[in-house]
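Each step along the sequence shown adds one to the number in full-length UniProt numbering, with nothing skipped, and position 352 is 352.
Quick reminder that beta carbons are idealized off the backbone N, C-alpha and C, glycines included.
Because the structure is a prediction, the values reported are computed rather than measured.
Okay, structure first, notes after.
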Amino acid sequence: MKYISKFCWLFVGVLFIFSGLIKINDPVGTAIKLEEYFEVFSSDIAPFFLMFKPLALFLSIFLSALEIVLGVALLLRWKLKSVLTALLAMTVFFTFLTFYSAYFNKVTDCGCFGDAIKLTPWESFTKDIVLLVMIVILLLTRRHLQPFIAQKTGAAITALTAILAVVVGWYAYEHLPYIDFRAYKIGNHIPTLMKASAPLRYKYVMVKDGNEQEFEEYPTDTTYKFKEMIAINPEDGPKITEFNVWNDEGDFTQEVLTGKKLLIIVQNVPKANRDNFAEINKLVADAEKQGIKPIVLTSASSQEFEAFRHEVNLAAPYFFGDGTLLKTMMRSNPGTILMQDGTVKGMWHHNDTPEIAEVNQLLVK
């Protein structure tokens with residue numbers, strides 16, 4: 001039992017640190033996922049969950065930092081009973097979220113490991129059940145995990161970890177994720193990712209006499225009733241499926257993916273930061289002089305965006321994109337993306353808006 005206990009101790013501690021680091025690397029993405037949960041719970045359980053939406057960013061950083069802190073404290077074996085109790089409570093909470101997502105098919109990606117590792121709802125739920133079992137084992141066998149550092153030293157290291165975790169998360173929010181796991185990261189060619197890497201194959205789930213059966217070819221037996229069609233090789237499908245740009249005149253997706261483009265992303269007009277538009281407007285003017293076409297992408301209505309662009313003096317043509325797409329592309333509101341023939345060449349938070357010289361250095365002449 002001693003070795004099982006030590007294995008669980010190491011596995012749980014490392015996993016919580018890894019999970020927390022992945023999420024705190026992209027606190028805005030984690031906040032978006034929390035907002036998705038709050039919206040689902042507000043409609044399915046109780047409306048009061050909507051009151052948590054404004055707190056999503058705070059909870060994103062807090063919960064991610066808490067995972068890291070508890071993981072470090074566990075590995076240090078500091079305040080072991082209290083730490084394990086907190087880990088148990090947190091895991092029970094996450095297990096509820098993942099079960100609800102899986103059983104009711106509400107949130108198809110739990111965001112447990114951000115964009116780095118995608119898990120299905122049932123995979124996430126299974127992972128949480130395994131964690132619950134391991135934490136219970138640790139609570140029952142903690143006599144095998146004697147402290148190996150002084151209490152004051154453990155407290156100091158845990159406190160320092162908490163401070164560093166919050167600072168790391170806040171810096172990522174004020175700039176961009178340290179490591180980008182999204183499909184729109186620098187270096188990716190968007191048109192390629194919009195295509196399947198191999199033909200998709202499907203299986204058909206059919207029902208007959210109350211029993212489900214799966215077929216790789218649609219059955220000719222008419223007594224079967226169709227239930228659903230599931231991709232057998234979804235990993236070969238397009239990594240990007242929602243990239244569409246339009247205005248009142250029609251679709252401009254291919255226009256955006258051709259030539260040198262400077263995209264100014266304004267996801268949400270009421271929440272857009274106005275502080276750095278002097279730098280953005282200067283970059284827009286300088287880009288035009290260098291033959292780089294500036295384009296604004298927004299999910300706002302024409303009327304709303306017209307008022308906004310005059311407020312911030314943003315002189316560039318604007319097009320529309322889905323709000324989820326824009327939040328996926330850019331974790332800053334506003335933010336800028338440099339593209340050349342569909343390849344992402346650069347990406348900047350509004351706090352880091354570049355000079356035109358930096359932009360030119362990234363382009364292939």
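Practice problem: Report the rounded CA-to-CA distance for His350 versus Val136, giving the unit in angstroms. | Solution: 46 Å
Practice problem: Reducing DSSP to helix, strand and coil, say where Pro147 ends up. | Solution: coil
Quiz item: Helix, strand or coil: which one does DSSP assign to Glu220?
Solution: Here the sequence assigns Thr to residue 220, which means Glu is not the residue at that position. In this structure, Thr220 counts as coil in the three-state DSSP scheme.
Exercise. Could you tell me whether the Cβ atoms of Pro27 and Ser64 are closer together than 8 Å?
Key: yes
Quiz item: With a Cβ-Cβ cutoff of 8 Å, do Val344 and Asn188 count as a contact?
Solution: yes
Quiz item: Going by alpha carbons, who is nearest to Pro334 out of Leu362, Leu140, Ile295, Lys289?
Solution: Ile295
Quiz item: Out of curiosity, what's the CA-to-CA distance linking Thr298 and Ala198?
Solution: 32 Å
Quiz item: How do the region 84 to 97 and the region 146 to 155 stand: do at least 3 beta-carbon pairs fall below 8 Å, yes or no?
Solution: no
Quiz item: DSSP puts His349 in a beta bridge; with which residues?
Solution: Gly335
Practice problem: Report the residue from Pro238, Thr223, Gly237, Glu217 whose alpha carbon sits nearest the alpha carbon of Met229. | Solution: Glu217
Quiz item: What is the DSSP secondary structure of Gln361, counted as helix, strand or coil?
Solution: helix
Practice problem: Count the other CB atoms, across all protein chains shown, that sit within 10 Å of the CB of Ile179; report buried if there are 16 or more and exposed otherwise. | Solution: exposed
Quiz prompt | C-beta contact flag for Phe320 and Asn273 at 8 Å | solution = no
Self-check item: the region 324 to 332 in contact with the region 308 to 316 per 3-pair CB rule at 8 Å
Solution: no
Quiz prompt | From Leu74, Phe104, Gly323, residue whose alpha carbon lies closest to that of Ile17 | solution = Leu74
Quiz item: Distance, Cα to Cα, Leu262 vs Ala285?
Solution: 11 Å
Exercise. Output the distance between the C-alpha atoms of Met51 and Glu39, rounded to the nearest integer angstrom.
Key: 10 Å
Quiz prompt | Collapsed DSSP secondary structure at Asp251 in the structure displayed | solution = strand
Quiz item: On the three-state DSSP scale, how would you describe Asn188?
Solution: coil
Quiz item: Between Leu145 and Leu87, is the Cβ-Cβ spacing less than 8 Å?
Solution: no
Practice problem: Under 8 Å by Cβ, that's how I've got Ala172 and Ile68 pegged, so tell me the actual separation to the nearest angstrom. | Solution: Between Ile68 and Ala172 the Cβ distance is about 13 Å, and since that is not below 8 Å, they are no contact.
Exercise. Report all residues from its chain with a CB closer than 7 Å to the CB of Trp348; omit the five preceding and five following residues, and keep chain order.
Key: Gly335, Thr336, Pro354
Practice problem: With DSSP as the reference, label Tyr3 as helix, strand or coil. | Solution: helix
Self-check item: 8 Å Cβ shell around Pro234 - same chain, five flanking residues per side excluded
Solution: Leu200
Self-check item: Classification of Asp115 by the beta-carbon crowding that lies within 10 angstroms, buried from 16 upward
Solution: buried
Quiz prompt | Residue from Leu176, Phe226, Glu304, Gln213 whose Cα sits closest to the Cα of Lys25 | solution = For clarity, residue 25 is Asn in the given sequence; the question names Lys instead. The option with the nearest alpha carbon to Asn25 is Leu176.
Quiz prompt | Bridge partners - Thr120, DSSP secondary structure assignment | solution = Partner(s): none; Thr120 has no beta bridge.
Quiz item: How many Å lie between Glu214 and Lys208 at the Cα?
Solution: 11 Å
Quiz item: Helix, strand or coil: which one does DSSP assign to Met51?
Solution: helix
Exercise. Spell out the partners DSSP gives Ala231 in its beta bridges.
Key: Tyr202
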